[in-house]
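Scroll down for the structure; my scribbles are underneath it.
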Amino acid sequence: MKNNSVLVPVGSFEEYGGWVLDTQFVQIMGCPYLLAHGLGKPVEDARTIVHFPQNGTFYLKVYTSNWVSPWKKEHHPGTFCVGIGNRVVPREFGTHEGLWDWEDGGSIAINHNTVEISLHDLTGFEGRCGFLFFSTDSEFVPPREPKELFAFYQDMMGLKQESVIANYDMVVVGGGIAGMCAALSSARQGLKTALVQDRKVYGGNNSSEVRVWLGGLTNLEPFFGVGNIVGEFEQERIGHYGDENQPELYEDEKKRAILEREENLSLFSATILMDSLVKEHCIKSIVLWDYTIDSVFVLESKLFCDCTGDGNLGAGSGADFEVSTNGHMGMTNIWYVEKTQSEEAFPPCPWAVDLSKVDFPGRSDVKDVYDNTREMSLGCWFWESGCEHDPIAYAEYARDMNFRAMYGAWDCLRNHDRDYGGYRLGFSAYIGGKRESRRLLGDVILTKAEVIAQRGYDDGCVPSTWNFDVHYPDRRFYAAFHEGDGFLTKDYRDRYKIPFFIPYRCLYSRNIENLFMAGRNISVTHDALGAARVMRTCGMMGEVVGFAAKICKEQETVPRGVYERYLNILLSRLQSLENHETPKPSLEKQMHNDQ
5 MKNNSVLVPV
15 GSFEEYGGWV
25 LDTQFVQIMG
35 CPYLLAHGLG
45 KPVEDARTIV
55 HFPQNGTFYL
65 KVYTSNWVSP
75 WKKEHHPGTF
85 CVGIGNRVVP
95 REFGTHEGLW
105 DWEDGGSIAI
115 NHNTVEISLH
125 DLTGFEGRCG
135 FLFFSTDSEF
145 VPPREPKELF
155 AFYQDMMGLK
165 QESVIANYDM
175 VVVGGGIAGM
185 CAALSSARQG
195 LKTALVQDRK
205 VYGGNNSSEV
215 RVWLGGLTNL
225 EPFFGVGNIV
235 GEFEQERIGH
245 YGDENQPELY
255 EDEKKRAILE
265 REENLSLFSA
275 TILMDSLVKE
285 HCIKSIVLWD
295 YTIDSVFVLE
305 SKLFCDCTGD
315 GNLGAGSGAD
325 FEVSTNGHMG
335 MTNIWYVEKT
345 QSEEAFPPCP
355 WAVDLSKVDF
365 PGRSDVKDVY
375 DNTREMSLGC
385 WFWESGCEHD
395 PIAYAEYARD
405 MNFRAMYGAW
415 DCLRNHDRDY
425 GGYRLGFSAY
435 IGGKRESRRL
445 LGDVILTKAE
455 VIAQRGYDDG
465 CVPSTWNFDV
475 HYPDRRFYAA
485 FHEGDGFLTK
495 DYRDRYKIPF
505 FIPYRCLYSR
515 NIENLFMAGR
525 NISVTHDALG
535 AARVMRTCGM
545 MGEVVGFAAK
555 ICKEQETVPR
565 GVYERYLNIL
575 LSRLQSLENH
585 ETPKPSLEKQ
595 MHNDQ
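To convert, count from 1 in the sequence shown and add 4; that's the numbering used here.
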């Protein structure tokens with residue numbers, strides 16, 4: 005609240021209702037936002053209490069997006085209304101002909117200092133809202149460039165970034181499998197560690213929000229104990245296709261409980277990395293935003309580890325990186341259909357991809373890459389978009405393309421083919437499962453050719469066992485890509501002698517001296533990432549980083565110094581670990597043996 009104006013960030017709404025909070029695109033659009041992810045059915049209202057400085061006339065601006073505008077800007081499926089007390093603003097939002105911008109809500113009479121504000125979804129088709137802004141100045145429009153918008157938010161909320169939490173030995177950013185393993189490994193080595201995660205749920209791609217199973221072998225000679233921490237997060241059961249892929253399989257509560265038990269580990273969930281301070285090629289601190297309580301604060305640490313997947317910490321701190329902007333692996337939003345007791349209607353989707361004249365997996369007897377048909381082919385990993393675009397700048401575009409493919413397929417099946425009468429859309433992940441984006445560069449950039457040639461590195465310590473597995477648009481379905489974007493892929497594989505040990509020098513930045521990395525953003529080429537990216541392998545990277553961080557503290561050195569002067573200590577400690585491998589689900593082992 006400032007200058008008789010009120011900014012309402014939706015992340016701190018008291019009740020989300022049926023809306024969900026999306027945090028994955030803050031770097032490109034500026035804020036978390038509420039998403040009406042109703043699969044074609046309007047969701048329950050989101051509500052909060054807003055305090056106004058005075059009664060009188062205010063002018064409303066709503067930060068929203070017409071998400072289908074890159075393809076069909078004349079359509080606006082994601083519309084919603086704003087409620088002010090017991091009144092509804094007489095305008096629909098999400099209707100302009102572009103992406104994120106401030107839509108004018110006109111004048112609003114505020115008659116009480118405390119008012120309930122609500123978001124009322126009209127369609128169930130992915131309406132979205134980031135901020136509500138009330139001002140006595142009818143002409144003022146807040147900024148929309150991400151950094152300017154964040155600064156405006158801090159100014160309006162009176163946030164000074166004065167809260168500094170210091171004295172960490174290691175701060176890990178990113179709470180997927182790699183980040184959890186890096187944080188636990190570091191904490192168990194006696195380092196005061198912080199783990200920053202932008203979701204309330206931990207696990208990343210292996211959470212109930214995304215629902216991707218673990219891949220890769222662990223606990224291999226001579227590092228029999230590397231993989232022990234990964235094993236603590238092992239699923240008891242897995243379900244790959246259709247509605248067998250249920251949320252409870254991902255054991256979110258177990259992951260959080262393991263992290264919360266760790267004595268030296270501080271957890272910062274629902275917290276987004278916004279900035280970093282770098283001096284003399286070292287990260288000194290990072291700026292974080294807890295969007296649930298409108299708090300901006302700073303963490304200081306001697307060491308940092310980028311486990312964001314997108315390399316956000318490294319890239320924002322000036323670390324060297326590579327990114328493929330075309331011909332790379334894309335993003336999947338897992339979805340499935342489920343049986344119903346009676347037939348349910350589904351609204352026509354003229355703004356979705358028109359699939360009425362083409363084949364696609366799940367239609368009639370069309371087979372997918374595994375020769376599955378019907379509902380077992382709908383929404384699996386190969387429903388994948390974004391391979392032709394910058395995976396950072398066009399991340400929301402790729403996710404929304406997945407939505408348009410899903411809704412287009414279901415519209416075709418239900419309304420054109422009159423098929424699947426006893427089914428409905430049961431689940432769709434709104435958080436995308438990414439495979440590839442930025443790759444931070446270390447002292448070694450591992451290539452596919454080196455792996456195939458079995459080049460031995462003296463610092464090889466992370467076993468890679470998944471074969472080269474890269475995805476490109478499936479030629480069989482090119483007719484379905486008539487708009488220009490592919491959304492069905494095929495896996496292209498090459499084998500090598502396993503295990504190949506990824507060098508330690510792939511796990512730290514070559515130009516930011518105190519930055520480790522673990523996960524799919526390590527120092528490998530696009531092709532080599534096809535083998536290194538699976539999550540058990542990424543988790544073992546995190547385990548190794550924790551041991552290296554311990555040596556950094558003991559010897560008062562940096563990650564490169566561990567290789568140059570203390571590599572024998574690192575390798576001997578890794579080799580001395582006892583094997584506590586957790587049994588893997590039998591189905592997953594069979595899948596791996598078939599690679």
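Glycine included, each C-beta is placed from N, C-alpha and C at the ideal position.
Residues near L25 by beta carbon distance below 7 Å, same chain, minus five either side: G15, P36, L38
Please tell me whether G383 and I338 are closer than 8 Å, where the distance is taken between their beta carbons. yes
Suppose you measure from the CA of R439 to the CA of E585; what does that come to, to the nearest Å? 26 Å
Please go through the same chain and pick out, in chain order, the residues whose beta-carbon is closer than 7 Å to the beta-carbon of V538, but skip the five residues on each side of it. G219, G220, W470
Closer than 6 Å by C-beta to I169: which residues in its own chain qualify, once you throw out the five before and the five after it? Chain order, please. L303
Cα separation between S273 and L43? 27 Å
Kindly provide the ranges of any alpha helix (DSSP H) runs that are 4 or more residues long and lie completely inside the region 102-190, ordered along the chain. 150-161
For D310, the first and last residue of its enclosing alpha helix (DSSP H): Here D310 belongs to no alpha helix (DSSP H); instead the beta strand (DSSP E) covers 299-310.
What residues in its chain sit with their C-beta under 8 Å from that of E267, if we drop five residues either side in the sequence? A191
Across which residues does DSSP place A40 in a beta bridge pair? G131
Please state whether DSSP places K593 in a helix, a strand or coil. Unreliable placement is indicated for K593, whose pLDDT of 49 sits below 50; the coordinate value is still reported in the next sentence. The answer is helix: DSSP assigns K593 an H, G or I state.
Please give the ranges of any beta strand (DSSP E) in the region 408-465, keeping only runs that are unbroken, at least 3 residues long and fully inside the region. 427-432, 442-444
Start-to-end residues for the alpha helix (DSSP H) that takes in S576: 563-579
Simplified DSSP state of P507, which is helix, strand or coil: strand
Using the Cα positions of S142 and W71, report the straight-line distance between them to the nearest angstrom. 26 Å
Tell whether a beta-carbon distance below 8 Å holds between S527 and G437. no
Can you say whether N223 is buried or exposed, counting buried as having 16 or more other CB atoms within 10 angstroms of its CB? buried
Among the residues of its own chain, which have a CB less than 8 Å from the CB of M335, if the five just before and after it don't count? E388, S389, G390, P395, A399, A402, R403, N406, G436, G437, K438, R439
Apart from the five residues on each side of it in sequence, which residues of its chain come closer than 6 Å, Cβ to Cβ, to Y172? K196, A198, S305
For the ligand ZN, any of its heavy atoms closer than 7 Å to the Cβ of S432? Questions concerning the ligand ZN fall outside what the structure shown contains, since it holds no ligand whatsoever.
Environment of Y496 [buried if 16+ CB atoms lie within 10 Å]: exposed
Given W293, which residues of its chain have a CB within under 7 Å of its CB, disregarding the five upstream and five downstream residues? T275, I276, M278, V300
Is D375 helix, strand or coil by DSSP? coil
Considering Cα atoms alone, identify which of R524, P81, V30, P94 is closest to M333. R524
Ends of the alpha helix (DSSP H) at F520? Counting along the chain, F520 falls outside any alpha helix (DSSP H), though it belongs to the beta strand (DSSP E) covering 519-521.
How is the beta strand (DSSP E) around A50 delimited, first residue to last? 50-55
Quick one: is G102 buried, meaning 16 or more other Cβ sit within 10 Å of its Cβ, or exposed? exposed
Straight-line Cα distance separating F491 from R479: 11 Å
What are the boundary residues of the alpha helix (DSSP H) that L317 is part of? 316-320
Could you check how far apart the C-beta atoms of R148 and G34 are, in whole angstroms? I think they sit under 8 Å. 7 Å
With the cut-off set at 8 Å, would you say Y508 and Y567 are in Cβ contact? yes
What does DSSP give as the partner residue(s) for G87 in the beta ladder? V92, S122
Output the boundary residues of the alpha helix (DSSP H) element that contains D26. Counting along the chain, D26 falls outside any alpha helix (DSSP H), though it belongs to the beta strand (DSSP E) covering 24-26.
Within 10 Å of its beta-carbon, does F144 have 16 or more other beta-carbons around it, so buried, or fewer, so exposed? exposed
Measure the CB-CB distance between K494 and F364 and report whether it falls below 8 Å. no
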